[in-house]
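*Asks:*
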Amino acid sequence: MCGIVAYIGPRKAHEVIIKGLKRLEYRGYDSAGIALLNGSLNIYKKKGRVSDLENTLEDEKLASRVGIGHTRWATHGEPNDENAHPHYSFSKNLAIIHNGIIENYSSLKQELLNKGYSFKSETDSEVFIQFIEDIQVNNDCSLEEAVRLALTKVVGAYAIVIMSKDDPNMLIAARKGSPLVIGIGKDEFFLASDATPIIEYTNEVVYLNDYEIAIIDNNELRLKNTQDVASTPYIQTLDMELEAIEKGGYEHFMLKEIFEQPRSISDCMRGRLNANKGRLVLGGIREYANKLVNADRIIIVACGTSWHAGLVAEYFFEEFCRVPVEVEYASEFRYRNPIIKEGDVMIAISQSGETADTLAAIELAKSKGAIIFGVCNVVGSSIARVSHEGAYTHAGPEIGVASTKAFTAQLTVLSMIALRVAHKKGTITERRYHELLVEMENIPSKVEKALELDAQIKLVAERFKDAKNFLYLGRGYNFPVALEGALKLKEISYIHAEGYPAAEMKHGPIALIDEEMPVVFIATRDSSYDKVVSNIQEVKARKGKVIAVVTEGDALIPKMAEFVIEVPKTDEALMPMVSVIPLQLLSYYIAVMRDCNVDQPRNLAKSVTVE
Ligand code: F6R
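Following this line, the structure appears as structure tokens:
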């Protein structure tokens with residue numbers, strides 16, 4: 005949550021920062037602000053989007069070669085101009101941008117109030133910068149030392165950047181729990197929550213680690229930790245193209261990302277899967293591969309869409325690897341004293357690799373001796389780094405807040421891991437293993453075909469765009485797809501939607517069905533097909549409006565459904581990668597027709613770095 009960008013170097017800082025903040029708006033977009041050193045230390049901030057802030061800035065007054073900027077997802081205090089970042093210190097000599105939460109901010113604030121400080125905002129971040137200034141004044145020390153001392157006293161998560169009126173050549177940054185990347189250019193430095201604001205200027209980056217402080221002073225980068233121990237920056241080269249983070253002619257990132265899926269799924273399999281040679285290699289899972297093979301159970305933790313991918317994986321692992329799988333909401337797992345023993349295996353799934361609850365669930369399991377495998381999309385992210393081993397999804401940057409291509413890439417990676425384990429364990433026949441490898445290679449072209457349903461799905465969207473509620477039903481591998489379809493619709497179109505296992509409908513949700521209720525069935529030809537057909541009849545009998553996703557050539561369901569969407573045939577275990585496509589498109593078109601902000605739905609943020 006919240007995006008931060010800072011710049012120091014020969015360019016106009018505000019231009020770099022505003023452009024960068026726009027790229028980070030997926031992390032939060034309820035207010036934005038920027039601090040610049042132009043004559044004095046000036047802060048410009050405003051409720052609303054980065055473009056609202058940009059419209060209020062008068063270019064000629066902004067000449068500054070150093071600056072910090074922020075786009076906010078509110079945690080402490082409502083979204084308004086005062087609570088927007090950056091925040092001044094009491095003397096207005098310092099300014100801070102902060103992503104994260106300071107948990108002991110109220111006691112710190114009370115201490116400062118007792119000393120006569122006052123506050124303009126309700127945020128924990130303003131307390132943070134006043135606290136730093138108080139330490140600097142009391143100890144008569146450098147800003148660098150005051151920041152370090154403050155960090156030993158605050159509890160919580162932070163990625164911060166601080167600038168000072170007295171030192172135009174310096175920025176100080178630090179991280180614990182929230183991401184921060186430093187881009188190194190020629191005589192210039194860029195700091196940001198992720199690499200997207202940086203890559204058009206440089207591909208040399210340093211990922212800051214927890215408890216590290218970066219001091220950029222007179223064109224030099226130094227690192228130390230909060231215990232005052234210096235370290236050498238580890239410079240990595242980014243492998244990311246600028247075009248991957250631009251819309252490329254699509255109206256929204258979400259639509260671009262939906263249409264990218266044939267390619268992102270292929271990218272995910274590239275170099276790993278070769279059906280012809282019967283080869284399946286996952287370079288990131290080597291040393292601990294046997295832990296997966298010999299596990300007595302697998303715990304999967306994730307949130308949201310990634311949790312849905314985990315549910316599909318549960319079916320897959322149990323069917324082919326014959327190992328019990330528990331799929332846990334990370335937020336519940338971490339607080340319920342779960343039973344974890346030395347050597348247990350956990351798979352953590354996360355697009356961003358920064359989700360706070362998933363990270364905390366990992367830390368908990370690790371502290372009890374579990375081996376963690378990360379399935380992340382963002383390279384170098386916190387979850388990727390704290391996992392023992394893992395496999396990246398390689399879907400490329402996902403910018404639309406609603407997750408689409410990350411989901412299908414997660415399914416691809418999880419299926420590859422499961423097949424690898426099943427093959428090693430001998431719980432799958434050679435024939436079935438090869439069949440699935442071949443079919444996985446066919447998935448990108450089947451997804452391509454499913455995307456051709458675009459025009460047809462627009463008609464369905466047109467018909468149901470004003471519905472108040474939706475039900476999504478599926479069984480077996482398609483049950484998590486029903487959950488995912490419902491989540492996509494509610495998060496971007498604000499229509500209430502529920503996903504259910506189709507057979508559960510008669511234990512309650514059937515009471516909701518009347519002639520107004522659209523019911524989306526994911527009813528592809530699989531082992532529960534006949535049972536799903538019976539569920540469709542139950543809905544029809546109560547006058548519900550059936551929209552059915554079926555396997556192409558289905559002759560039966562078209563006679564019952566108001567709308568039928570035919571997807572290409574594939575193996576039942578791989579069907580979620582195909583059957584989810586029309587549901588992504590349906591939610592997209594309904595949201596567009598309802599004039600919703602598809603890429604930045606209200607109240608949401610892409611990367612949930614608070615619990
Ligand atoms: C839904 C969505 C969220 C995320 C969830 C987990 O479209 O994007 O539900 O899936 O916040 O995020 P990651 O995968 O980054 O851990």
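Under the working numbering, think of the first position of the sequence shown as 5, with each following residue one higher.
Glycine is no exception: its CB is placed at the ideal position from the N, C-alpha and C atoms.
Measure from the alpha carbon of Leu25 to the alpha carbon of each residue in Gly73, Val405, Lys49 and Glu115, then state which is nearest.
*Replies:* That would be Gly73, whose Cα lies nearest to the Cα of Leu25.
*Asks:* Buried or exposed: where does Lys549 fall if 16 or more other Cβ atoms within 10 Å of its Cβ makes it buried?
*Replies:* Buried.
*Asks:* Nearest to Leu423 by alpha carbon, out of Leu41, Ile269, Glu322 and Cys307?
*Replies:* Comparing Cα-Cα distances from Leu423 to each of Leu41, Ile269, Glu322 and Cys307, the minimum goes to Glu322.
*Asks:* On the DSSP bridge assignment, give the partners of Cys6 in chain order.
*Replies:* The partner list for Cys6 (beta bridge, DSSP) is empty, contrary to what the question assumes.
*Asks:* Would you be able to state if there are at least three C-beta pairs under 8 Å between the region 321-338 and the region 298-311?
*Replies:* Yes, they touch.
*Asks:* State the DSSP-derived secondary structure class of Phe123, mapped to helix, strand or coil.
*Replies:* Looking at Phe123 - three-state DSSP - the assignment turns out to be coil, as it is neither helix nor strand.
*Asks:* Tell me whether Asn103 sits in a helix, a strand or coil according to DSSP, three-state version.
*Replies:* Asn103: strand per DSSP, three-state reduction.
*Asks:* When DSSP labels each residue in this structure, what does Gln604 get in the three-state scheme?
*Replies:* Gln604: coil per DSSP, three-state reduction.
*Asks:* DSSP has Gln265 in a bridge; who is on the other side?
*Replies:* None; Gln265 has no bridge partner.
*Asks:* Rounded to whole angstroms, how far is the Cβ of Asn381 from the Cβ of Glu358, which I believe are closer than 8 Å?
*Replies:* Not confirmed; about 11 Å, so no contact.
*Asks:* Restricting to Cα atoms, I'd like to know which of Leu457, Asp518, His427 and Leu440 is closest to Lys472.
*Replies:* It is Asp518 whose Cα lies nearest to the Cα of Lys472.
*Asks:* What are the boundary residues of the alpha helix (DSSP H) that includes Asn118?
*Replies:* Unbroken alpha helix (DSSP H) run through Asn118: Tyr109 to Asn118.
*Asks:* Counting pairs of Cβ atoms below 8 Å between the region 212-230 and the region 147-154, do you hit three or more?
*Replies:* In short, these stretches touch, since the Cβ pair count reaches three.
*Asks:* Sort Gln588, Val584, Ser538 and Pro572 by Cα distance to Ala565 and report the nearest one.
*Replies:* Out of Gln588, Val584, Ser538 and Pro572, Ser538 has the C-alpha closest to the C-alpha of Ala565.
*Asks:* Is it buried or exposed, His256, if we count other Cβ atoms within 10 angstroms and call 16 or more buried?
*Replies:* Buried, since its Cβ has 16 or more Cβ neighbours within 10 Å.
*Asks:* Relative to the C-alpha of Phe377, which residue among Ser385, Ala395, Glu367 and Ser386 is closest?
*Replies:* The shortest Cα separation from Phe377 among Ser385, Ala395, Glu367 and Ser386 belongs to Ala395.
*Asks:* Tell me which residues pass a beta-carbon proximity test against the ligand F6R: closer than 7 Å to any heavy atom, given in chain order.
*Replies:* Qualifying residues come out as Ala306, Cys307, Gly308, Thr309, Ser310, Ile353, Ser354, Gln355, Ser356, Gly357, Glu358, Thr359, Thr362, Val405, Ala406, Ser407, Ala410, Leu491, Lys492, Glu495, Lys610, Ser611 and Val612.
*Asks:* Considering only their Cβ atoms, is the gap separating Ser497 from Arg598 smaller than 7 Å?
*Replies:* For Arg598 and Ser497, yes; Cβs fall inside 7 Å.
*Asks:* By alpha-carbon positions, which one of Lys50, Ala374 and Glu264 ends up nearest to Ala454?
*Replies:* When only C-alpha atoms are compared, the closest one is Glu264.
*Asks:* Is it buried or exposed, Ala459, if we count other Cβ atoms within 10 angstroms and call 16 or more buried?
*Replies:* So Ala459 ends up on the exposed side.
*Asks:* Apply the 10 Å Cβ neighbour rule to Ser35 and answer buried if 16 or more other Cβ atoms are within range, or exposed otherwise.
*Replies:* Looking at its Cβ environment, which holds 16 or more other Cβ atoms inside 10 Å, Ser35 is buried.
*Asks:* Hey, Gly37 and Lys49: beta-carbon distance below 7 Å or not?
*Replies:* Yes. Within cutoff.
*Asks:* Assign Gly621 to one of three DSSP states: helix, strand, or coil.
*Replies:* Because the chain is modelled from 5 through 615, residue 621 falls outside the range shown and cannot be assessed.
*Asks:* Among Ala506, Ile387 and Glu393, which residue has its Cα nearest to the Cα of Ala486?
*Replies:* Nearest of Ala506, Ile387 and Glu393 to Ala486, Cα basis: Ala506.
*Asks:* Under DSSP, the beta strand (DSSP E) around Asp221 begins and ends at which residues?
*Replies:* From DSSP, the beta strand (DSSP E) with Asp221 extends over Glu216 to Asp221.
*Asks:* Ends of the alpha helix (DSSP H) at Arg424?
*Replies:* Start and end: Lys409 to Lys429.
*Asks:* According to DSSP, is Lys549 part of a helix, a strand, or is it coil?
*Replies:* Correct three-state label for Lys549: strand.
*Asks:* With respect to the alpha helix (DSSP H) encompassing His438, which residues constitute its N-terminal and C-terminal limits?
*Replies:* Its alpha helix (DSSP H) spans residues Glu434 to Leu455.
*Asks:* By Cβ distance below 8 Å, which residues in the same chain neighbour Asp85 in space, the five residues on each side in sequence not counted?
*Replies:* If we look at Asp85 and ignore the five residues flanking it on each side, its Cβ neighbours are Ser35, Lys49, Lys50 and Lys51.
*Asks:* Going residue by residue through the region 257-320, where are the continuous beta strand (DSSP E) segments of at least 3 residues, counting only ones entirely within it?
*Replies:* The qualifying runs are 302-306.
*Asks:* Among the residues of its own chain, which have a CB less than 6 Å from the CB of Glu615, if the five just before and after it don't count?
*Replies:* Ala360 and Asp361, listed in sequence order.
*Asks:* Taking 6 Å as the limit between beta carbons, can you name the residues of its chain near Asn647, skipping five residues before and five after?
*Replies:* Limits of the chain in this structure are 5 at one end and 615 at the other, which puts residue 647 out of reach.
*Asks:* Suppose contacts are defined by Cβ-Cβ distances below 7 Å. Is Lys258 in contact with Val602 by that definition?
*Replies:* At residue 258 the sequence reads Met, which differs from the Lys that was named. Cβ atoms of Met258 and Val602: closer than 7 Å.
*Asks:* With respect to the beta strand (DSSP E) encompassing Asp171, which residues constitute its N-terminal and C-terminal limits?
*Replies:* Note, Asp171: beta strand (DSSP E), Asp171 to Lys180.
*Asks:* Give me the Cα-Cα distance between Gly253 and Leu98, rounded to the nearest whole angstrom.
*Replies:* Gly253 and Leu98: Cα-Cα distance of roughly 41 Å.
*Asks:* Within 7 Å of any Cβ in chain C, is that where the Cβ of Ala369 sits?
*Replies:* The chain labelled as chain C is not found in the depicted structure, where only one protein chain is given.
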